[in-house]
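> Numbering (the UniProt record's numbering), first residue to last: 1 to 270. The C-beta atom is built at its ideal place from N, Cα and C for all residues, glycine as well.
(1) Quick one: residues in its chain with C-beta nearer than 7 Å to the C-beta of residue 133, no 5 flanking neighbours on either side, listed in chain order?
(2) Judging by CA-CA distance, which residue of 125, 60, 127, 204 is the nearest neighbour of residue 114?
(3) Run through the DSSP bridge pairs and tell me what residue 62 is partnered with.
(4) Measure from the alpha carbon of residue 170 to the alpha carbon of each residue in 46, 213, 163, then state which is nearest.
(5) For the alpha helix (DSSP H) containing residue 44, name the first residue and the last one.
(6) Is the beta carbon of residue 30 closer than 7 Å to that of residue 56?
(7) Could you give the distance in angstroms between the alpha-carbon of residue 202 and the alpha-carbon of residue 108?
(8) What are the start and end residues of each continuous alpha helix (DSSP H) run of 4 or more residues lying completely inside the segment 105-140, in chain order?
(9) Label residue 196 either buried or exposed according to how many other C-beta atoms from any shown protein chain fall within 10 Å of its C-beta, with 16 as the threshold for buried.
(10) Could you give the DSSP three-state label for residue 154: helix, strand or coil?
(11) Please state whether DSSP places residue 211 in a helix, a strand or coil.
(12) Excluding sequence positions up to five away, which residues of its chain have a Cβ less than 8 Å from the Cβ of residue 111?
(13) Do you know offhand how far residue 24's Cα is from residue 185's?
(14) According to DSSP, is residue 219 part of a helix, a strand, or is it coil?
(15) What's the C-alpha gap between residue 17 and residue 124?
(16) Could you check if residue 169 belongs to the surroundings of the ligand PLP, using beta carbon to heavy atom distance under 6 Å?
(17) The alpha helix (DSSP H) spanning residue 18 covers which residue range?
(18) Whole-angstrom Cβ separation of residue 206 and residue 173, contact assumed at under 8 Å?
(19) Out of 43, 27, 159, 34, state which residue places its alpha-carbon closest to the alpha-carbon of residue 14.
(20) Using only alpha-carbon positions, find the residue among 26, 36, 70 that is nearest to residue 351.
(21) So, at 6 Å on beta carbons, what are the nonlocal neighbours of residue 155 in its own chain, with the 5 sequence-adjacent residues on each side left out?
(22) Per DSSP, what are the beta-bridge partners of residue 74 in this structure?
(23) Helix, strand or coil, according to DSSP, for residue 289 in the structure here?
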């Protein structure tokens with residue numbers, strides 16, 4: 001299964017799609033936010049016929065920032081001010097605790113719960129059905145955003161029967177870099193259907209076999225004005241506005257998505 005963070009520049013999405021063209025995806029699921037969906041389309045367009053279904057899910061959108069959505073932030077809180085006092089002054093500080101969140105928004109703990117829901121509702125039905133059908137080597141793509149993927153990977157690893165993968169940090173993904181996670185139903189074999197009930201699921205072996213892979217970007221010339229690991233923004237927005245996101249068609253708010261403060265600036269999260 002491939003997990004892919006997103007960008008807004010089409011040529012990088014096309015390069016990603018071309019690099020994955022030989023991987024036949026059973027399905028592609030994407031965040032409905034514009035950058036994610038555009039990246040998913042790049043992957044989908046490069047797939048051979050018959051193309052896999054491309055669907056969206058709110059479970060794959062980036063961490064929601066509530067009242068801070070779309071606003072620039074400050075990296076350090078003003079001494080002596082509470083979060084509420086910062087907000088009253090129109091200041092939106094980076095939050096350093098997993099339990100912290102802005103009003104009407106999500107904490108990282110909330111995001112982790114949503115990631116687990118996404119895995120259970122989107123991914124696992126494919127896994128169990130493939131085992132029951134005696135199929136191996138199916139591929140599902142999840143196209144999401146940096147912070148969401150950093151919680152999706154641990155949510156997958158929690159499915160491993162050994163319980164030995166907890167604790168690694170999967171943040172810091174490059175734009176359109178992909179991560180591959182393999183889920184193997186123990187006892188399953190190609191051409192030999194497994195019989196089991198939903199109340200007695202077989203154990204899983206889960207492993208990350210590729211993380212932050214970006215070889216496809218080596219052939220993409222970095223455009224003048226690029227920002228760090230983020231792609232060149234054709235509108236030449238201020239870096240804070242770019243990282244903060246903004247309105248897209250239909251009025252939906254992108255928010256601080258794939259180039260989020262914590263994800264790009266390597267801020268310590270406890």
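This is what the structure holds:
(1) 193
(2) 60
(3) Looking at the DSSP assignment, residue 62 forms no beta bridge with any residue, so it has no partner.
(4) 213
(5) 34-45
(6) yes
(7) 30 Å
(8) 108-118, 124-133
(9) exposed
(10) Of the three classes helix, strand and coil, the one that applies to residue 154 here is helix, per DSSP.
(11) Residue 211 falls in the strand class under three-state DSSP.
(12) 63, 147, 148, 151
(13) Distance between the alpha carbons of residue 24 and residue 185 is about 20 Å.
(14) helix
(15) 24 Å
(16) The ligand PLP is absent from the structure shown, which contains no ligand whatsoever.
(17) 10-19
(18) Contact doesn't hold; Cβ gap of about 19 Å is too wide.
(19) 43
(20) Nothing can be reported for residue 351: it is not among the residues displayed for the chain, which extend from 1 to 270.
(21) 115, 116, 119
(22) Residue pairing for residue 74: DSSP places it in a beta bridge opposite 93.
(23) No answer is possible for residue 289: it lies beyond the span of the chain, which begins at 1 and ends at 270.
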